[in-house]
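Engineer: This is the structure I have questions about; it appears just below.
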Amino acid sequence: MAQCSISNNIRRLRFDHDEMTQKVLAEMVGVTRQTIVAIEKGKYSPTLELAFKISHVFKMPLEEVFSYIKNEEKGDTK
Amino acid sequence: MSNEEKRSIISIISVSVVYIIYCIFVFGRFTSGSFDPVEDLSTWGLIILGFIPVQIIINIVISILYSIVHAVVTREEDDSEMVDERDKVIRLKANSAAYMVVGVGFMLSVITVAMGFPVFIMLNIVYLAFNLAEIIGSSIQLRFYRRGF
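Just so you know, the sequences run in chain order Y and R.
All letters in the first sequence, in the order written, are residues 38 to 115 by our numbering.
All letters in the second sequence, in the order written, are residues 9 to 157 by our numbering.
The structure is reproduced here in structure tokens:
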């Protein structure tokens, strides 16, 4: 079974939104700053609910904040 | 290193230290000949019952000290009280592993009784299993907080 991962543009989006801090984003979506850090680093795939909350903060559709990449595809692009 | 990682490490150290103190205490009592480990089961019960509040008090004291040191050094509020979805998943994984360790420990302890070993061995295996469960649970928390999942 192929492994998959979820990548995201949160870091860039935070920067584009007046350099929003991780702490502010965490407070807006109701998680700890460490969870935002883990999501940005790709160490944690958020639940669908949290993913929607984050995309609502940036007023963007979910697929523009998060993208689903199979490891096989990752390998192809390299 | 995040707050959660530090707390996991502190938990591993405090449980290990209290268990080592327990071993030294029991070994001291055993070598002094002040009680018969095979017959004097009520003393075993009292020793283990005594170490449970010791463990709890040490955990509380270390937790308070850590919060104070963290606040002084980082000048940030300790947000470890806040538990989000990631914390819940990590705790669930850690608790599952800890539960399994306790289960295996209990099974082993029953086997020793079935094989005719003295009951104090059963008591000690159960007590060790609880301590190991705490250490393994905290180690798993540490691993998931560090590497992610």
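Even for Gly, the Cβ is constructed at its ideal location relative to N, Cα and C.
Can you name the residues of chain Y whose CB is closer than 8 Å to the CB of R:Arg-99?
Structural biologist: As a position in the second sequence, residue 99 of chain R is number 91, starting the count at 1. Chain Y residues near R:Arg-99: none, gap ~13 Å exceeds 8 Å.
Engineer: List, in chain order, every chain R residue whose beta-carbon is nearer than 7 Å to that of Y:Leu-87.
Structural biologist: Taking the first residue of the first sequence as position 1, residue 87 of chain Y is located at position 50. By Cβ distance, chain R contributes Glu-93.
Engineer: Strictly below 8 Å CB to CB, what residues from chain Y border R:Arg-155?
Structural biologist: Stepping through the second sequence from its first residue, residue 155 of chain R is reached at position 147. By Cβ distance, chain Y contributes Lys-80.
Engineer: Around the C-beta of Y:Thr-58, are 16 or more other C-beta atoms found within 10 angstroms, so that it is buried, or is it exposed?
Structural biologist: Against the first sequence, residue 58 of chain Y aligns to sequence position 21. Looking at its Cβ environment, which holds fewer than 16 other Cβ atoms inside 10 Å, Y:Thr-58 is exposed.
Engineer: Exposed or buried, what is Y:Ile-76 when buried is set at 16 or more other beta-carbons lying within 10 Å of its beta-carbon?
Structural biologist: As a working note, residue 76 of chain Y is residue 39 in the first sequence. Per the 10 Å Cβ criterion, buried.
Engineer: On a Cα-Cα basis, can you pick out the residue from R:Arg-154, R:Leu-140, R:Phe-157 that is closest to R:Ser-19?
Structural biologist: For this step, residue 19 of chain R is matched to residue 11 along the second sequence. Checked all of R:Arg-154, R:Leu-140, R:Phe-157; the closest Cα to R:Ser-19 is R:Leu-140.
Engineer: Between which two residues does the beta strand (DSSP E) holding Y:Tyr-105 run?
Structural biologist: Residue 105 of chain Y sits at position 68 when you count from the first residue of the first sequence. Counting along the chain, the beta strand (DSSP E) containing Y:Tyr-105 begins and ends at 103-107.
Engineer: Please classify R:Asp-95: is it buried, with 16 or more other beta-carbons within 10 angstroms of its beta-carbon, or exposed?
Structural biologist: Counting from one through the second sequence, the residue named residue 95 of chain R turns up at place 87. The residue in question, R:Asp-95, is buried, as its Cβ has 16 or more Cβ neighbours within 10 Å.
Engineer: Curious, which full-length alpha helix (DSSP H) runs of at least 4 residues does the segment 70-144 of chain R contain?
Structural biologist: Segments of the alpha helix (DSSP H) lying fully in the segment 70-144 of chain R: 93-122.
Engineer: To the nearest angstrom, how far is it from the Cα of Y:Ala-39 to the Cα of Y:Glu-100?
Structural biologist: Numbered from 1 along the first sequence, position 2 holds the residue referred to as residue 39 of chain Y. Numbered from 1 along the first sequence, position 63 holds the residue referred to as residue 100 of chain Y. With a pLDDT of 45 at Y:Ala-39, under the threshold of 50, the predicted position of this residue should be treated as unreliable, and no value is reported.
Engineer: Quick check on Y:Tyr-81: buried or exposed, where buried means 16 or more other Cβ atoms within 10 Å of its Cβ?
Structural biologist: Locating residue 81 of chain Y in the first sequence gives position 44, where the first residue counts as 1. So Y:Tyr-81 counts as buried.
Engineer: Mapping DSSP to helix, strand and coil, what is R:Ser-42?
Structural biologist: Counted from its first residue, the second sequence places residue 42 of chain R at position 34. In this structure, R:Ser-42 counts as coil in the three-state DSSP scheme.
Engineer: What three-state label does DSSP hand R:Tyr-27 in the structure shown?
Structural biologist: In the second sequence, residue 27 of chain R corresponds to position 19, counting from 1. Correct three-state label for R:Tyr-27: helix.
Engineer: Does the Cβ of R:Tyr-27 have 16 or more other Cβ atoms within 10 Å, making it buried, or fewer, making it exposed?
Structural biologist: Residue numbering aside, residue 27 of chain R sits at position 19 when the second sequence is read from its first letter. So R:Tyr-27 ends up on the buried side.
Engineer: For R:Glu-89, go through chain A and note every residue whose CB falls closer than 7 Å to its CB, in chain order.
Structural biologist: You won't find chain A in this structure, because its protein chains are Y and R.
Engineer: Please work out which residues of its chain come closer than 8 Å, Cβ to Cβ, to R:Leu-136, disregarding the five sequence neighbours upstream and downstream, and give them in chain order.
Structural biologist: Taking the second sequence and counting its residues from 1, the one referred to as residue 136 of chain R is at position 128. Only Tyr-27, Gly-113 meet the Cβ criterion.
Engineer: Exposed or buried, R:Ser-117, counting other C-beta atoms within 10 Å across all chains shown (16 or more means buried)?
Structural biologist: Start at 1 with the first residue of the second sequence, and residue 117 of chain R comes out as number 109. The residue in question, R:Ser-117, is buried, as its Cβ has 16 or more Cβ neighbours within 10 Å.
Engineer: Using DSSP bridges, identify the partner residues of Y:Ser-44.
Structural biologist: Taking the first residue of the first sequence as position 1, residue 44 of chain Y is located at position 7. Bridge partners of Y:Ser-44: Y:Ser-104.
Engineer: Report the rounded CA-to-CA distance for R:Ile-60 versus R:Ser-24, giving the unit in angstroms.
Structural biologist: Working through the second sequence from its first residue, we reach residue 60 of chain R at position 52. Working through the second sequence from its first residue, we reach residue 24 of chain R at position 16. If I take the Cα positions, the gap works out to 13 Å.
Engineer: R:Ile-143 to R:Ile-17, Cα distance in whole Å?
Structural biologist: Position 135 of the second sequence, counting from 1, holds the residue named residue 143 of chain R. Position 9 of the second sequence, counting from 1, holds the residue named residue 17 of chain R. Their backbone Cα atoms lie some 9 Å apart in a straight line.
Engineer: What are the residues in the segment 38-69 of chain Y lying within 8 Å of chain R by C-beta distance?
Structural biologist: The segment 38-69 of chain Y vs chain R, Cβ under 8 Å: Gly-67, Val-68, Thr-69.
Engineer: At 9 Å on the CB atoms, spell out the chain Y contacts of R:Glu-47, in chain order.
Structural biologist: The residue labelled residue 47 of chain R in the question sits at position 39 within the second sequence. Under the 9 Å cutoff, chain Y gives no residues; its nearest Cβ is about 52 Å from R:Glu-47.
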